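Chains A and B, in that order, give the protein sequences. Position one of the first sequence corresponds to residue 371 (this note's numbering), numbered consecutively onward. Position one of the second sequence corresponds to residue 371 (this note's numbering), numbered consecutively onward. Here's the structure we're looking at; comments come further down.
2 protein chains.
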Amino acid sequence: MNIYDIAKEAGVSISTVSKYLNNKSIRPELKERIEYVINKYDYVPSAVAQGLVSKSMKIVAVMVVDIQISHYAAAAYAIDKTLSAFGYRVIICNTLGDEKNSIRYIDSLIKINVDGIIFIGSIFNFLNKYEKVLKKIDDLPIICNNGHLDTNNCHSVYVDDKMGVYNAVEYLIKKGRQKIVYVQYLSTSSSNLKCSGYKEALEKYGLKPVIYHTDDLMEGGYQVVESMLANKEEMDAVMCGEDLLALACISGLSAANYKIGSDIDVIGFNGSSFTNLSNPRMTSVDNKIEETSIKSAQMLLDVLKGKKVEDVTFPCSLIIKKSA
Amino acid sequence: MNIYDIAKEAGVSISTVSKYLNNKSIRPELKERIEYVINKYDYVPSAVAQGLVSKSMKIVAVMVVDIQISHYAAAAYAIDKTLSAFGYRVIICNTLGDEKNSIRYIDSLIKINVDGIIFIGSIFNFLNKYEKVLKKIDDLPIICNNGHLDTNNCHSVYVDDKMGVYNAVEYLIKKGRQKIVYVQYLSTSSSNLKCSGYKEALEKYGLKPVIYHTDDLMEGGYQVVESMLANKEEMDAVMCGEDLLALACISGLSAANYKIGSDIDVIGFNGSSFTNLSNPRMTSVDNKIEETSIKSAQMLLDVLKGKKVEDVTFPCSLIIKKSA
DNA sequence: CTGTTAGCGCCTTCAT
DNA sequence: ATGAAGGCGCTAACAG
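The following block contains the structure:
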């Protein structure tokens, strides 16, 4: 069933059908006949054929490291919801942080002529090293969430992670905490930024930074607590770079008979729903993943409409519950 | 840059270029000239134009309820990885369990002529009520994960959730547990199935079922524990329908001075990485989300190749750690 | 093996 | 307002 079939059965030309499909004014009588035939066969014009002409199939891509990480899942979810409400289809690419893999994805997206790409996370800044890749996407509408690419049509939405941690740590200090330990997950540019927020806050108040590292999002918190106990670390607060780490810290410290929220404070980072999974409930830095993702999607829609857009930076906010 | 430009500059006809692109045998000399021009301009043939002819743009869709639920994220991730290795692009649709929304997504996918759809979860069986929808996808390659649609080209991968719970409960009983409580999340057909596995196991051994319900994946475990304590529930084991519920149960029961793994056993369901986030580590029923997802993707690839495929059912396995 | 030609399904001038 | 015709970029017969 194509536009010719519809035209023939309705007794009009294909261009009249095309006009009907594109809401251009045609005689009411013809409109009715066309409508009748279209409904009869449940006809839907082929987006592929339309795409060949119009250069747009209304497909957008989201590049993330791993959709299994709740933070990225939340981003992908919010973007999908926002864009699909406007008829866009969303392709999610899990790059695993691998450069070759990311580039392969981009090539694949170019091939189908995607309308735009949203990159989630500063990790994708590595693409600036690849001139050839940049050239391929030079005019493509691009939104970077916490990052930036050197192309003609790239726009950014930032979150001030560093200030988020800074403020949380300052909150602890003003509460009277003096021995604040930081738990860092991996060492991406974003996680380093958070850590530097911690260091600057301590420095301002003349306190000594103590940092523990882990590469394990699930058990890392426990491993870190074990190290702390083994080191007989004197501490009255723990600032974690991820909610999941804080979750394990709370659990591990509780098991070691620390009273969370009184003996010791624990703060997480992300403001995820995991903050409700700890006992007591977790205070956390909300880095506004939902807002920034929606904003990214809206910016892309604006760019696609030809509107001017401006880069923005969102502040984090501290969501205080019981753990600090 | 299109096939005409390449042909002209290489001094050959477009069909020779087309043949080169499709690995058909051409004179080495021409091949070299074409290759040179293609590399010079980084030319990539348009999948849209190819799609118009070949009826395939190598795009596949995955329908899930919500990518933010780790179980679905794991499925989407495994499918994306498997299919993108074969050059397919994967569109993920978050239906939120809404019927109208699901149908809207399907229409959108038909419009771009997707090569196939993978449905994750029994919830999508509701589509069997909509004849019109079924008709639209009657010949489309479809794989249902734990479900089935009444179309010409639908194939299924099942997991025996019920037996998974049955075996876990039997394991508890054989360990000597007598007062086993079940915690059910929501009441979808799949969650009901799990619960019935629990009931049948208890019945076999002449024990009395006690079931707690919750609709909250995060705090639900705590709420249930509170109810249990308020009811002075006599119990020596808790079987949970979800790992996250078990996580909160373990935490809540620990706080109430139960010794997990000795006073009381707790088992989760999913075999997710959250089993490493509890203290002690969680015993859980692994419902093989990764295997079944990969299998679904492979089945789809086989169907697309024209191979015959057969429905399969995976058994769950009990992964024993410390909580039971 | 190579080139010519006719579609794939739709949109878009351009006359009418 | 309507219809005829050309073109979007590619594949697939069909001749040569």
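We put the CB at the ideal spot given by N, CA and C, even for glycine. Because the structure is a prediction, the values reported are computed rather than measured.
Practice item. Please list, in chain order, all residues of the same chain as D477(A) whose beta carbon is under 8 Å from its beta carbon, the five residues on each side excluded. Key: Here residue 477(A) refers to the residue found at position 107 when the first sequence is read from its first residue. Excluding residues within five positions, the ones whose Cβ falls inside 8 Å are K506.
Checklist entry - Would N537(A) pass as a contact of L391(A) if the rule is Cβ separation under 7 Å? => result Here residue 537(A) refers to the residue found at position 167 when the first sequence is read from its first residue. Here residue 391(A) refers to the residue found at position 21 when the first sequence is read from its first residue. Contact: no.
Going along the chain, which residues of the stretch 572–594 of chain B sit with their C-beta nearer than 9 Å to a C-beta in chain A? Close to chain A, meaning a Cβ-Cβ distance shorter than 9 Å, are the following residues of the stretch 572–594 of chain B: D586, L587, M588, E589, G591, Y592.
Presumed contact (8 Å Cβ cut-off) between V460(B) and I461(A), rounded CB distance: Mapped onto the second sequence, residue 460(B) falls at position 90. Mapped onto the first sequence, residue 461(A) falls at position 91. That belief holds up - the Cβ atoms of V460(B) and I461(A) are roughly 7 Å apart, short of 8 Å.
_Same chain, Cβ closer than 8 Å to I437(A), neighbours up to 5 away in sequence not counted_ = Taking the first sequence and counting its residues from 1, the one referred to as residue 437(A) is at position 67. Same-chain partners within the cutoff: A443, A446, I462, N464.
- request: Express the C-alpha separation of V608(B) and D656(B) in angstroms, rounding to a whole number.
  value: Residue 656(B) sits at position 286 when you count from the first residue of the second sequence. Residue 608(B) sits at position 238 when you count from the first residue of the second sequence. Taking the straight line joining both Cα atoms gives about 17 Å.
task: Could you tell me the distance, in whole angstroms, from the CA atom of K578(B) to the CA atom of K602(B)?
output: For this step, residue 578(B) is matched to residue 208 along the second sequence. For this step, residue 602(B) is matched to residue 232 along the second sequence. Distance between the alpha carbons of K578(B) and K602(B): 16 Å.
_Closer than 7 Å at the beta carbon, the chain A residues around N646(B)_ = For the purposes of this step, residue 646(B) is taken as residue 276 along the second sequence, with counting starting at 1. What N646(B) touches in chain A: M588, E589.
| message | From the DSSP secondary-structure annotation, give me the bridge partner or partners of H583(B). | response | As a first step, residue 583(B) must be located in the second sequence, where it is residue number 213. Its beta-bridge partners are Q554(B).
Notebook entry, point to check: Relative to the C-alpha of G381(A), which residue among S395(A), E402(A), T653(A) is closest?
Noted result: Your numbering for residue 381(A) matches position 11 in the first sequence. Comparing Cα positions, the closest option is E402(A).
If we require 3 or more residues per run, which beta strand (DSSP E) segments fall completely within the stretch 415–443 of chain B? 429–434
ask   = Taking C-alpha atoms, which residue in T558(B), D633(B), L623(B) lies nearest to L542(B)?
value = Reading the second sequence from its first residue, position 172 is the one you call residue 542(B). Nearest option by C-alpha distance: D633(B).
- request: Return the CA-CA distance between E660(A) and M605(A), expressed in angstroms with no decimal places.
  value: One-based indexing of the first sequence puts residue 660(A) at position 290. One-based indexing of the first sequence puts residue 605(A) at position 235. Answer to the nearest angstrom: the Cα atoms are 33 Å apart.
Can you find a CB in chain B that lies within less than 7 Å of the CB of K481(A)? Against the first sequence, residue 481(A) aligns to sequence position 111. It does; some Cβ of chain B falls within 7 Å.
Check your understanding: If you check the beta carbons only, do N515(A) and T662(A) fall under 7 Å apart?
Key -> Along the first sequence, one-based indexing puts residue 515(A) at 145. Along the first sequence, one-based indexing puts residue 662(A) at 292. The answer is yes: Cβ separation under 7 Å.
Discussion item. Restricting to Cα atoms, I'd like to know which of R474(A), P398(A), M669(A), S424(A) is closest to K678(A).
Written reply: Taking the first residue of the first sequence as 1, we reach residue 678(A) at position 308. With distances taken between Cα atoms, K678(A) lies closest to M669(A).
Worksheet item: First and last residue of the beta strand (DSSP E) that includes M371(B)?
Response: Working through the second sequence from its first residue, we reach residue 371(B) at position 1. Looking at the DSSP string, M371(B) is not in any beta strand (DSSP E), and its letter there is neither H nor E.
Per DSSP, M533(A) forms a beta bridge with which residues?
Residue mapping note: residue 533(A) aligns to position 163 of the first sequence, counting from 1. The partner list for M533(A) (beta bridge, DSSP) is empty, contrary to what the question assumes.
Only counting the same chain, and skipping five residues up and downstream in sequence, which positions put a Cβ closer than 8 Å to that of G517(A)? Position 147 of the first sequence, counted from the start, is the residue given in the question as residue 517(A). Hits under 8 Å: F489, G491, S492, I493, F494, N495, S526.
Could you tell me which of K569(A), H583(A), G611(A), K544(A) sits nearest to M598(A), measuring between CA atoms?
As a working mapping, residue 598(A) is identified with position 228 in the first sequence. Among K569(A), H583(A), G611(A), K544(A), the Cα nearest to that of M598(A) belongs to H583(A).
Endpoints, the alpha helix (DSSP H) within which V636(B) is located
Indexing the second sequence from 1 puts residue 636(B) at position 266. Looking at the DSSP string, V636(B) is not in any alpha helix (DSSP H); the run it does join, the beta strand (DSSP E), is 635–639.
#### Entry: Chain-ordered neighbours of G337(B) on chain A, where CB pairs are closer than 7 Å
Because chain B is modelled from 371 through 694, residue 337(B) falls outside the range shown and cannot be assessed.
Exercise for the section: Report the option in S654(A), T653(A), E680(A), G676(A) whose CA atom is closest to the CA atom of S666(A). Expected result: Mapped onto the first sequence, residue 666(A) falls at position 296. When each option's Cα is compared against that of S666(A), the closest is E680(A).
Whose C-alpha, out of N409(B), A448(B), L422(B), is nearest the C-alpha of K658(B)? By one-based count along the second sequence, residue 658(B) stands at place 288. Ranking N409(B), A448(B), L422(B) by Cα distance to K658(B) puts A448(B) first.
Considering only C-alpha positions, which residue in the set A419(B), D531(B), I473(B), K545(B) is nearest to G641(B)? Here residue 641(B) refers to the residue found at position 271 of the second sequence. Ranking A419(B), D531(B), I473(B), K545(B) by Cα distance to G641(B) puts D531(B) first.
| task | Mind reading off the beta-carbon distance from G622(A) to Y592(A)? Whole number of angstroms is fine, and I expect it under 8 Å. | result | Mapped onto the first sequence, residue 622(A) falls at position 252. Mapped onto the first sequence, residue 592(A) falls at position 222. Right, their Cβ atoms sit about 5 Å apart.
Worksheet item: Distance, Cα to Cα, E379(B) vs Y411(B)?
Response: On the second sequence, position 9 is the one that residue 379(B) refers to. On the second sequence, position 41 is the one that residue 411(B) refers to. Taking the straight line from one Cα to the other gives about 11 Å.
Exercise. Based on the DSSP output, what are the partners of F684(A) in its beta bridges?
Worked result: One-based indexing of the first sequence puts residue 684(A) at position 314. According to DSSP, which records beta bridges pairwise, F684(A) is partnered with V529(A).
Proximal residues of chain A, C-beta to C-beta of L638(B) below 9 Å: As a working mapping, residue 638(B) is identified with position 268 in the second sequence. Inspection of the sequence shows that residue 638(B) is occupied by Gly rather than by Leu. Simply none; closest approach about 13 Å.
Just to make sure I have the definition right: I need the residues of chain B whose C-beta is within less than 8 Å of the C-beta of S478(A). Which are they? For the purposes of this step, residue 478(A) is taken as residue 108 along the first sequence, with counting starting at 1. Correct list: S454, G457, R459.
Is the beta carbon of V430(B) sitting closer than 7 Å to the one on D375(B)?
Translated into the one-based positions of the second sequence, residue 430(B) becomes position 60. Translated into the one-based positions of the second sequence, residue 375(B) becomes position 5. Not in contact: V430(B) and D375(B) (Cβ atoms no closer than 7 Å).
inquiry  = Any C-beta of chain A within less than 8 Å: which residues of the stretch 438–450 of chain B qualify?
reply    = Q438, S440, A443, A444, A446, Y447, D450
Exercise. For D412(B), which residues in chain A fall below 9 Å Cβ to Cβ?
Worked result: What you label residue 412(B) is simply residue 42 of the second sequence in a count that begins at 1. Here the neighbours are K502, K505, K506.
Euclidean distance between Cα positions of S561(B) and Q554(B): For the purposes of this step, residue 561(B) is taken as the residue at position 191 of the second sequence. For the purposes of this step, residue 554(B) is taken as the residue at position 184 of the second sequence. Their Cα atoms are separated by approximately 7 Å.
Counting only Cβ-Cβ distances shorter than 9 Å, please list the residues of the stretch 607–627 of chain A near chain B, keeping chain order. L614, L617, A618, I620, S621, G622, S624, A625
Q | CB contact below 7 Å: S663(A) versus chain B | A | Sequence index remark: in the first sequence, residue 663(A) carries index 293 (1-based). So no, S663(A) is outside the interface.
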